[in-house]
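Scroll down for the structure; my scribbles are underneath it.
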Amino acid sequence: MRIRLKDVAEKAGVAVNTASTILNRRSNSWASKETEARVFAAAAELGYRPNKTARALRSGRFHTIGLLIQDLTNPFFCTIADELEAAVEEHGYDLVIENCRSSVVREKHLLEEIRDLEVDGLVLWLSNQETYREELAKLFEDRMPLVALGNGVPAEPLPTDAIFSDFTQGLEDAMLDLLARGHRTFAFISAQSEGTFDGSRAELFQQILAKNGVSRTNIHLLQTGHRIDQACASFAEFLRSSPQPTPTALIAMNDLAAIGCMRAAWEAGLKVPDDLSIVGVDDIPLCSFLPTTLSSIRQRYRKITRKAAELLIARIEQATTAETTAPQQIIFPTVYTPRESVATRENR
């Protein structure tokens, strides 16, 4: 026998509307915690499963948000997904995830198929939003609720709601800290597919050093893949080439790359931070638990995801009206957190 919502309501001793509100996790539920617990217990005991298709037909909504993310092997993106899921659940929405796996080809394919997802809105963390400016504009014109997330601030605002991490302050604070510690030769390791925004991390890195009198000959720029093993292999190969002048400080594109470089340095007989200071980006929780804790430039992922959910829910509500407001561009600064992986040069 199929269990109906009415059966759950009767067993829990509440009205059908109350049971529906609680089971659909709507944020406007007035029910007490005890009532919610009673309804969920009744649903579990009876084996009730809501019919999402029927609910979508009745309401015109799927009560689901889609997230396009870059790489779920990176703890940073796992944190983004987890925080966003918690944020949208507060509004009664589920989250489905499409993982690009650090593949631009897969990313393009997923973006082309994005309209086929049974979702009410989208959050997109693209490898380079500038590349997809036309696609984003078309989605916005078609009134598809979406928020774009990403690193670096584009020269021109995107044609849709967008939230960015600005690395200017965090990276400058990191570089000034390393300079104050006596470092004058640097390496920067970035992804081969890193975006081309003005002010990208590699460009910003060079600008800050140039402004502080560091010669271009004292700056090494390296490229690698996104995975930790790729960063380790690339930096190991760089060290085997006996680079001159030898860098005493390194900035990596993310914390996983920084950890890979730490491993390569150790295998080459270098001590971190005595011989080489290392700074990562993202400040994933693992940074604080490594044998040598990793200095990092923190992205404010909780604020980013909360704001993304807020903007997206507002767009979803607006989609049922004739009103269309201009896209919003939100920028969150980054914060440098020094730890044990950076040290002062003894022979300055």
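Each residue of the sequence shown is one higher than the one before, counting from 280 in this note's numbering. Backbone N, C-alpha and C define an ideal beta-carbon position, used for all residues, glycine too.
Proximity of residue i and residue j at Cβ, strictly below 8 Å
i, j, result
"V432", "F443", "yes"
"A470", "F514", "no"
"A366", "L403", "no"
"L415", "F467", "no"
"V287", "A310", "no"
"V293", "V318", "yes"
"L374", "L346", "yes"
"F341", "V398", "yes"
"L425", "G449", "no"
Unbroken beta strand (DSSP E) run spanning residue i, endpoints
i, result
"P612", "608 to 612"
"S520", "Unbroken run through S520: none, as it is neither H nor E."
"E377", "373 to 378"
"G539", "No beta strand (DSSP E) contains G539, which is instead part of the alpha helix (DSSP H) from 534 to 546."
"I344", "343 to 348"
"L403", "400 to 404"
"A528", "528 to 531"
Where residue i falls, given that 16 or more other Cβ within 10 Å makes a residue buried
i, result
"T475", "Here T475 scores only 40 on pLDDT, less than 50, and its place in the model should not be relied on; the value that follows carries that caveat. With fewer than 16 Cβ atoms within 10 Å of its Cβ, T475 is classed as exposed."
"R385", "exposed"
"T616", "buried"
"R594", "buried"
"A453", "buried"
"S620", "buried"
"D477", "For D477, the predicted model reports a pLDDT of 35, less than 50, meaning its position is unreliable and no value from the coordinates is stated."
"H462", "buried"
"E516", "exposed"
"L455", "exposed"
"L612", "Checking the sequence, you will find Pro at residue 612 rather than Leu. Looking at its Cβ environment, which holds fewer than 16 other Cβ atoms inside 10 Å, P612 is exposed."
"V551", "buried"
"F568", "exposed"
N-terminal and C-terminal residue of the alpha helix (DSSP H) that residue i is part of
i, result
"Q502", "That residue, Q502, is in no alpha helix (DSSP H); its beta strand (DSSP E) goes 498 to 503."
"V383", "383 to 391"
"L363", "354 to 368"
Chain D contact for residue i (CB, 8 Å cutoff)
i, result
"L401", "Judged by its chain identifiers, the structure shown contains no chain D, having just a single protein chain."
Among the options, the one whose alpha carbon lies nearest that of residue i
i, options, result
"T410", "D395, C540, G400, K387", "K387"
"L437", "L401, Q607, M541, L390", "Q607"
"E435", "L450, T447, R412", "R412"
"K586", "G539, I610, N303", "I610"
"R624", "S575, N491, F465, A291", "F465"
Checklist entry - Along the chain, which unbroken stretches of the alpha helix (DSSP H) at least 4 residues long are found entirely within the segment 410 to 489? => result 412 to 420, 447 to 459
Item to check | Within the segment 286 to 323, ranges of the alpha helix (DSSP H) (whole runs, at least 4 residues) | outcome: 295 to 302
Next on the checklist: Give the list of continuous beta strand (DSSP E) stretches no shorter than 3 residues that lie fully inside the segment 552 to 596.
Outcome noted: 556 to 561, 574 to 577
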